[in-house]
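Asks: The numbering used here puts the first residue of the sequence shown at 17, with every later residue one more than the last.
Before I ask anything, here is the structure I am working with.
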Amino acid sequence: MRQKSIVTVLLTLFVVAAHASGTPTAVNRVQGTYRSEAAGFRLTQLVTDLEHPWAIAFLPDGRTLITERPGRLWSYDGRTVTRIDGLPQITASGQGGLLDLIPDPDFERNSLIYFSYSSRFSGGLGTTVARARLSGSRLVDVQEIWRQNRASAGGRHFGSRLAFDGSGMLLITIGDRGQQDRSQDPNDHAGTLVRIAPDGSVPADNPFVRSDDGAADVWSYGHRNAQGIAINPDSGEIWLHEHGPQGGDELNIARAGDNHGWPVITHGVNYGTGTRIGVGTSAPGMEEPLIHWTPSIAPSGMAFYTGDLMSGWRGDIFIGALAGQHLRRVVIDGDRVVHQEVLLDRAIGRIRDVRQGPDGHLYLITDDRRGSLYRIDPQ
């Protein structure tokens with residue numbers, strides 16, 4: 017009996033290990049139908065067995081790229097899933113690993129993609145951004161273009177969302193690395209939004225270029241851990257959301273040189289004790305959020321919907337919720353949030369990323385040891 021038990025345990029461990037290093041599976045099956053206040057929709061599961069997927073991006077040839085936090089990159093063409101080789105050394109520790117990615121706006125000409133990841137340097141960990149050319153199923157000419165200026169111990173709050181602004185500059189969100197006071201020093205990359213040119217150089221119109229008040233590549237600061245960023249298609253402004261402590265998740269507009277207040281002002285409180293952080297919810301010279309979510313929903317991923325398939329959603333923001341385990345629809349009027357709706361409540365788990373595809377569909381990924389890629393279709 018004992019020998020049989022040992023064999024059973026070993027077989028179980030073998031199966032788990034095989035899954036952990038296995039290939040995700042293309043499934044293309046309808047998960048269910050759902051209702052929104054604005055439209056009915058159908059949810060289709062496209063890929064499963066993804067290990068803690070973190071980001072999705074779309075290529076002009078119809079492929080979808082998917083990162084897995086442990087350090088793998090996959091391509092999905094609608095039928096099969098293929099591994100992309102050629103990544104640099106990635107240190108997957110805690111919340112770190114291979115994180116966001118985004119194709120160059122001129123990808124059809126230059127085949128460049130940009131990706132963020134945690135790496136080890138100077139005795140600690142920090143967020144790094146590289147770019148590479150995608151040649152078939154391999155990255156070539158990999159080039160590190162940016163690295164945060166101070167590594168630190170621990171595996172928390174890497175931020176790492178990427179976006180291109182309207183002038184073609186690359187935006188990088190950087191978390192406070194679990195050391196909250198660093199966010200109030202704009203010369204320290206922790207707790208900032210960084211803005212660089214695609215080659216890693218500093219744009220001449222960044223707010224601290226001609227000042228010693230902050231690092232030349234910093235756009236805004238006082239952030240805690242922003243994991244969603246998107247450009248408002250109407251105003252061209254940078255919208256981002258960030259995790260609060262216990263409560264106090266925020267939706268913000270990040271303008272040049274802004275101080276968003278963390279940890280001096282917040283609607284959140286200390287974990288466990290519930291004690292106040294900082295001076296309260298407002299202070300001179302610090303930006304207050306458009307809205308805050310208390311209790312926390314743990315927002316991650318963000319997309320403005322501009323498609324025609326779901327016309328009732330056009331102009332709305334869609335945000336994934338990790339702790340909240342839902343997709344949040346945020347209706348705006350200019351710079352004001354006028355309504356919110358919870359979709360897919362507890363239906364598929366922790367939603368890590370939300371993107372609009374070139375086909376006008378919304379795509380989601382769920383963060384789990386067996387995470388999935390989903391597509392929202394009109395009903």
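Note that beta-carbon positions come from the ideal geometry of N, C-alpha and C, so glycine has one too.
No experiment lies behind these values; they were computed from the predicted model shown.
Alpha carbon to alpha carbon, what distance is there between Leu389 and Leu380?
Replies: 6 Å
Asks: Which of the three DSSP states is assigned to Ser199 in this structure?
Replies: helix
Asks: Rounded to whole angstroms, what is the Cα-Cα separation between Tyr50 and Gly331?
Replies: 20 Å
Asks: Round the Cβ separation of Ser109 and Ile100 to the nearest angstrom and send it over; I've been treating them as touching at under 8 Å.
Replies: That belief does not hold up - the Cβ atoms of Ser109 and Ile100 are roughly 22 Å apart, past 8 Å.
Asks: Can you give the Cα-Cα distance for His259 and Thr39, rounded to whole angstroms?
Replies: 31 Å
Asks: Does the beta-carbon of Tyr252 have 16 or more other beta-carbons within 10 angstroms, so that it is buried, or is it exposed?
Replies: The sequence as given places Gly at residue 252; Tyr does not occur at that position. By the neighbour-count rule (16 or more Cβ atoms within 10 Å), Gly252 is not buried but exposed.
Asks: So Phe320 is in the beta strand (DSSP E); what residue range does that whole segment cover?
Replies: Residue range Pro315 to Phe320 is occupied by the beta strand (DSSP E) that includes Phe320.
Asks: If we ignore side chains and look at the alpha-carbon of each, how far apart do Ala231 and Ala272 end up?
Replies: 13 Å
Asks: Using only alpha-carbon positions, find the residue among Trp329, Ile281, Arg193 and Ser127 that is nearest to Glu53.
Replies: Of the listed residues, the one whose Cα sits closest to Glu53 is Trp329.
Asks: Might you give, ordered along the chain, the residues of its own chain that have their beta carbon closer than 8 Å to the beta carbon of Ala299, omitting 5 neighbours on each side?
Replies: Gly277, Val280 and Ile281
Asks: Mapping the DSSP letters down to three states, classify Ser327 as helix, strand or coil.
Replies: In this structure, DSSP gives Ser327 a helical state, which the three-state scheme calls helix.
Asks: Would you grab the beta carbon distance between Asp116 and Ile129 for me? Rounded to a whole angstrom, and I think it's under 8 Å.
Replies: Not quite, the Cβ-Cβ distance comes to about 11 Å (not below 8 Å), so this is no contact.
Asks: Check for me: the alpha helix (DSSP H) holding Asn126 runs from which residue to which?
Replies: Phe123 to Asn126
Asks: What did DSSP end up calling Tyr287 once you bin it into helix, strand or coil?
Replies: coil
Asks: Between the alpha carbons of Arg386 and Met326, how many angstroms are there, rounded?
Replies: 29 Å
Asks: Which one of Ile106, Ser134, Asp393 and Thr83 has the shortest CA to CA distance from Thr143?
Replies: Ser134
Asks: Check for me: the beta strand (DSSP E) holding Leu81 runs from which residue to which?
Replies: Thr80 to Glu84
Asks: Can you tell which of Glu67, Thr289 and Gln47 has the C-alpha that lies nearest to the C-alpha of Gln61?
Replies: Gln47
Asks: May I ask you to verify whether the segment 203-210 touches the segment 231-241, counting CB pairs closer than 8 Å and requiring at least 3?
Replies: yes
Asks: Below 6 Å CB to CB, which residues in the same chain sit around Gly140 once its five sequence neighbours on both sides are set aside?
Replies: Ala167, Ser168 and Ala169
Asks: Between Leu359, Val347 and Ser236, which has its C-alpha nearest Ala436's C-alpha?
Replies: The requested residue 436 is not part of the displayed model; the chain covers only 17 to 395.
Asks: Who are the Cβ neighbours of Thr291 in its own chain at under 8 Å, not counting the five residues just before and after it?
Replies: Val285
Asks: Tell me, to the nearest whole angstrom, how far the beta carbon of Ile333 is from that of Phe320; I am working on the premise that it is less than 8 Å.
Replies: 6 Å
Asks: Within the continuous beta strand (DSSP E) that includes Arg95, where are the two ends?
Replies: That residue, Arg95, is in no beta strand (DSSP E); it is neither H nor E in DSSP.
Asks: So, with DSSP's three-state summary, where would you put His205?
Replies: coil
Asks: Exposed or buried, which one is Ser176 when buried takes at least 16 other CB atoms within 10 Å?
Replies: Burial call: buried.
Asks: Which residue's Cα is closest to the Cα of Asp215: Phe224, Gly182 and Leu186?
Replies: Leu186
Asks: Under DSSP, the beta strand (DSSP E) around Phe74 begins and ends at which residues?
Replies: Pro69 to Phe74
Asks: Determine the DSSP secondary structure at Arg385, reduced to helix, strand or coil.
Replies: Here Arg385 sits in coil by DSSP.
Asks: Leaving aside the five residues before and after Ile367 along the sequence, list all residues of the same chain whose C-beta is less than 8 Å from its C-beta, in chain order.
Replies: Ser316, Gly317, Gly336, Ala337, Leu338, Gln341, His342, Leu343, Leu360, Leu380, Ile381, Thr382 and Asp383
Asks: Under the assumption that Ala270 contacts Ser236 (Cβ atoms under 8 Å), give the Cβ distance between them as a whole number of angstroms.
Replies: 4 Å
Asks: Alpha carbons only, please: which of Arg345, Ser127, Ile313 and Thr189 is nearest the one belonging to Glu266?
Replies: Ile313
Asks: Are His283 and Gly263 closer than 8 Å when you measure CB to CB?
Replies: yes
Asks: By the DSSP assignment, the beta strand (DSSP E) with Gly142 in it spans what residues?
Replies: Gly140 to Ser151
Asks: Who pairs with Ala55 in a beta bridge, going by DSSP?
Replies: For Ala55, which the question treats as bridged, DSSP gives no partner whatsoever.
Asks: Would you mind sorting Arg362 into buried or exposed? The rule is 16 or more other CB atoms within 10 Å of its CB.
Replies: Residue burial is scored here from C-beta neighbours: Arg362 has fewer than 16 other C-beta atoms within 10 angstroms and is therefore classed as exposed.
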